[in-house]
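Sequence lines, in order, name chains E and B. To convert, note that position 483 of the first sequence is 501 in my numbering; the numbers rise steadily by one, no gaps. To convert, note that position 172 of the second sequence is 224 in my numbering; the numbers rise steadily by one, no gaps. Yeah, the Cβ is synthetic: ideal placement off N, Cα and C, and Gly gets one too. Notes to accompany the following structure.
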Amino acid sequence: MRQRALAGFAAAGLTLSAVPFFGLPAFYESFLYLVFHWIVLAVSWNIFSGYSGYFSFGHGAFFGAGMYTTATLATKADVPFLWTLPAAALVAALFGIALGAVAFRVRRLRGELFALLTLAVTFVLATIVLNTPIDGGPGLVLSAVPLPAIGPSPSSTFYLLGLALALATLWIAREVQRSKLGTGLFAIHDDEDVAEVLGVPTYRYKLAAFGLSCGLAGVAGGIQAMFISYVTVGETFSIAVPLYVVLMSVLGGSRHWFGPAVGAAGVTALLYAFTAGDYAVAGRAAVGLILILVILFLPEGIFGQAVRALERRRVSVAPAIDAAELPAPTAAPPAEGKTLLEARGLSKAFRGVQALAGVDLEVRRGEILGLVGPNGSGKSTLINVVSGHFRPDSGRILFEGRDLAALEAHRIARTGLARTYQIPRPFAHLSVLENVALPAMFGRDALPRAEAESEARRWLAFTGLAAKAAALPGELNLHQRKFLELARALASRPGLLLLDEVFSGLTHVEIDDAIRLIRAIRAQGATIVFVEHVIRAVMELTDRIVVLSYGRVIAEGDPRAVMREPDVVAAYLGKPHA
Amino acid sequence: MLEVERIRVSYGAAPAISEVSLRIGAGELACVVGPNGAGKTTLINAIAGLHRIEAGALKLDGRDLSHLPRHAFCGEGIAIVPEGRRLFAGMSVRENLELGSYRRAARARRAESLERVCEVFPILLERLEQPAGTLSGGQQQMLAIGRALMARPRLLLLDEPSLGLAPAVVLAVFNVIKEINAGGVAVLLVEQNVALALEIAARAYVLEEGRITAEGRPQELLAQPHIRRAYLG
């Protein structure tokens with residue numbers, strides 16, 4: 019697959035690089051250079067912002083950083099033009115990484131806040147450049163900088179440079195999309211918290227993709243500085259660059275590496291088709307109109323929608339899986355009775371509400387422990403703290419002897435701990451199969467994609483979802499979404515499984531199915547903690563129960579005995595359990 | 053009061069429910085039971101105006117609502133507690149409740165309604181100024197029910213109100229539903245806790261694979277062994 023793609027890229031590169039040698043008028047070479055230029059900007063923007071959903075309006079800043087790096091080095095330090103390009107990449111990438119290192123640490127800085135922050139950074143950078151010796155006001159003139167003769171003429175040299183960079187950017191975008199990094203970014207796009215809990219190192223991935231995206235924009239800026247040969251703050255840091263880049267990506271389709279290239283080529287062609295006469299305004303209006311139509315009728319972009327239509331046509335029939343073929347047991351068969359997880363003095367408060375007030379909890383290897391208690395007693399918070407979504411205010415959590423309290427959620431996932439959510443939180447834009455394959459790729463075993471997918475298919479068969487592998491989660495009903503949640507937790511082959519209300523909303527018969535399923539999971543060696551209000555399931559499944567109330571353990575032990583304790587009846591059941 | 057006549061709702065090409073008819077008399081409490089994926093949520097959402105009805109009619113007091121815009125359903129006195137709660141997570145508990153009484157007739161009685169909701173769910177009174185997103189799952193469910201009650205509906209649609217609630221709270225919620233119903237509000241209840249639902253309902257419908265397969269008074273349905281086995285064990 020990769021060989022074929024590489025051959026395709028090489029063929030495209032060779033064919034297109036022959037163009038200048040056919041004596042094309044310089045105007046066309048310059049026009050095509052601009053097409054490549056916008057392809058690089060749009061595709062590089064997409065590597066981070068399109069894949070991960072963090073819309074950046076700061077692409078102009080990184081592009082501009084590259085421009086001024088080349089302009090400064092070439093005019094003030096006499097660095098040869100081509101040598102300034104790696105520097106342009108580096109400066110832009112470091113600038114992006116520095117910004118990301120701050121912004122990505124703040125959980126609230128998602129969505130529109132991130133977009134606004136990047137926009138603000140553009141203006142700050144523009145002000146700095148304008149008022150320091152970097153520019154100082156008049157702009158930088160590069161007309162005296164020698165241009166290496168790569169092509170037969172200056173315009174063909176720019177054409178070839180643009181072509182090379184565009185192909186390189188497209189290749190990188192393609193590789194990222196198909197890599198683990200890409201999978202992680204698409205998961206971040208849909209639900210960052212869940213991605214982290216399933217083992218995706220979200221902070222590092224965002225930083226890497228952002229750095230890559232900015233670096234490529236920096237190179238494009240370096241070449242552009244030479245192309246226009248007169249660099250000014252007003253032109254460089256204008257709002258037009260990020261707006262066009264976002265528009266092109268959305269127009270082409272931001273969920274595919276090639277989509278933004280289609281958008282960039284289309285928009286550039288349209289704009290220039292009209293500048294020939296006095297139609298520039300009409301050209302912009304046409305672009306606007308097309309954008310409106312695409313957003314209304316092709317929400318996934320022109321290219322995105324085309325790809326989807328093709329995929330629909332060749333609906334792959336999932337290989338039949340023998341339902342009896344259950345996954346092999348997890349690595350270590352449980353030595354029953356020993357402590358697997360131990361929490362001591364766990365506390366967590368939210369705005370004055372004490373959700374956990376010093377909880378001690380012991381989970382023994384191989385057992386099924388029921389966690390019950392009134393609403394708001396801290397059950398879900400306990401799961402959130404153990405799985406690393408929240409840091410405890412105080413207390414220790416020892417899992418197989420390791421303290422989890424200070425670990426990031428994705429590291430906890432890799433120790434072999436998995437959880438489900440009360441209200442299922444699938445990745446909405448990933449297929450059911452991709453949803454389940456993801457934790458296998460990022461969990462303890464870190465399987466390669468192909469193996470992760472066959473692992474995922476086994477768990478889908480196990481939970482009865484095999485027929486839905488290609489569907490999107492939105493097409494599933496509640497019962498199926500709950501089982502998807504379960505399959506996703508199982509796919510990392512966890513040693514400890516934390517289940518948050520898997521039974522709620524199921525009918526009697528479905529509860530019977532789910533009980534069988536959980537027994538089968540335990541039989542394979544997993545230890546299970548489950549939060550549940552369906553008392554029948556609690557009584558049938560658990561070896562022990564722990565009752566929480568107001569963030570404290572009020573009872574624990576044998577299910578039947580505990581459910582008769584007057585405190586438990588009063589606080590939780592309302593009437594004695596028969 | 054509510055007459056649903058042979059309605060069909062589809063997602064894409066496949067109908068989710070078809071030829072579904074049901075009636076709820078003024079002040080009646082009806083419930084719909086059935087397996088997951090049968091179309092219960094689709095049915096209740098269609099009655100709340102959240103889905104386009106492709107065929108059939110939806111009549112409230114004899115007037116056809118099937119072509120009314122979504123927001124107008126609230127004005128007709130229909131309120132829904134949707135699946136998955138759908139609260140305004142960033143707003144406070146109080147704001148969520150107040151939004152429930154957005155309708156003019158309900159706004160006039162806002163203070164009284166608020167007091168009533170807090171009586172039923174005392175925990176909400178404690179948490180009035182907290183963002184709804186910080187409530188526990190079960191408390192959010194209480195808030196979703198409370199918000200629907202704030203609308204002072206004539207017809208209350210409840211999609212799995214007991215989901216995620218502790219047993220003691222489930223009992224309390226069902227008592228409230230009974231009380232609201234006794235006060236003259238018609239109720240349509242979709243519920244997996246079939247035993248409880250049938251206990252309080254005057255009329256029950258079994259929905260399977262998008263069609264009504266049985267209906268009648270709860271005792272009549274319970275007399276049928278296959279229904280007992282499927283839904284009560």
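If you draw a straight line from the Cα of ILE59(B) to the Cα of VAL84(B), it is about 15 Å long. For LEU240(B), the enclosing beta strand (DSSP E) has its first and last residue at 238-242. Of the other Cβ atoms in all chains shown, fewer than 16 fall within 10 Å of the Cβ of VAL142(E); this residue is therefore exposed. By the CB criterion at 9 Å, VAL97(E) and ALA107(E) fall outside the cutoff.
With 16 or more other Cβ atoms from the protein chains shown falling within 10 Å of its own Cβ, PRO512(E) counts as buried. Minimum Cα-Cα distance from SER567(E) among the listed residues GLY396(E), ASP576(E), ALA30(E), LYS486(E) corresponds to GLY396(E). Inclusion of GLY198(B) and ALA218(B) in the CB contact set at 9 Å is not warranted, their separation being larger than that value. Distance between ILE241(E) and ILE57(E), taken at the CA atoms: about 14 Å. Residues of the stretch 181-194 of chain B that bring their beta carbon within less than 8 Å of a beta carbon in chain E comprise GLN182, THR186, LEU187, SER188, GLY189, GLY190, GLN191, GLN193, MET194, in sequence order. Following the DSSP letters along the chain, one finds SER398(E) inside the alpha helix (DSSP H) bounded by residues 397-404. For VAL268(E), same chain residues with a beta-carbon under 8 Å away, outside a window of 5 residues either side, are GLY281, LEU309, VAL312, ILE313, GLY319 in chain order.
Per DSSP, the continuous alpha helix (DSSP H) segment holding VAL194(E) begins and ends at 172-196. Judged by DSSP in its simplified three-state form, ASP113(B) adopts coil rather than helix or strand. Beta-carbon to beta-carbon, LEU112(E) and ALA121(E) are separated by about 15 Å, too far to satisfy the 8 Å threshold. Look at GLU574(E): its C-beta is not under 9 Å from any C-beta on chain B. Annotation: Cβ neighbours of ALA282(B) in chain E (cutoff 8 Å, chain order): THR525, HIS526, VAL527. With a cutoff of 9 Å on beta-carbon distance, PHE54(E) and VAL264(E) are scored as not near each other. Taking a Cβ-Cβ threshold of 7 Å, the residues of chain B close to ASN495(E) are ASN88, GLY89, in chain order. Segment contact: the stretch 194-211 of chain B against the stretch 89-102 of chain B, three or more CB-CB distances shorter than 8 Å; contact assigned. Burial is judged here by how many other beta carbons sit within 10 angstroms of a residue's own beta carbon; VAL259(E) has at least 16 and is buried.
Annotated three-state conformation of GLU164(B) is helix, per DSSP. When 7 Å is used as the limit between beta carbons, GLY592(E) is near these residues of chain B: PRO219, ALA220, LEU223, in chain order.
With a minimum length of 4 residues, the unbroken runs of alpha helix (DSSP H) contained wholly in the stretch 371-444 of chain E fall at 397-404, 427-432. At least one CB atom of chain E sits nearer than 9 Å to the CB of LEU215(B).
Within the stretch 129-163 of chain B, GLU135, GLY136, ARG137 place their CB atoms closer than 9 Å to a CB of chain E, listed in sequence order. If you compare the alpha carbons of GLY239(E), LEU131(E), ARG382(E) with that of LEU514(E), the shortest gap goes to ARG382(E).
According to DSSP, residue pairing for LEU515(E) in a beta bridge involves ALA436(E), ILE546(E). Here ILE279(B) has VAL258, ALA266, LEU273 as same chain residues with Cβ atoms under 7 Å from its own Cβ, once five neighbours each way along the sequence are excluded.
If you draw a straight line from the Cα of LEU207(B) to the Cα of ILE105(B), it is about 19 Å long. Chain B places a beta carbon closer than 9 Å to that of PRO392(E), counting this residue as a contact. Residues of chain E with a Cβ closer than 7 Å to the Cβ of GLN244(B) are, in chain order, GLY523, LEU524, THR525. Contact note: ARG369(E) reaches chain B through GLN182, THR186, using a C-beta cutoff of 7 Å and chain order. LEU180(B) and ARG146(B) do touch by the CB rule: their CB atoms are close to 5 Å apart, below 8 Å. Against chain B, a Cβ distance below 8 Å from ILE441(E) picks out GLY136, ARG137, GLY189. With fewer than 16 neighbouring CB atoms inside 10 Å of its own CB, TRP101(E) falls in the exposed class.
In this structure, HIS77(E) and ALA235(E) form a Cβ contact; the two beta carbons are roughly 6 Å apart against a cut-off of 8 Å.
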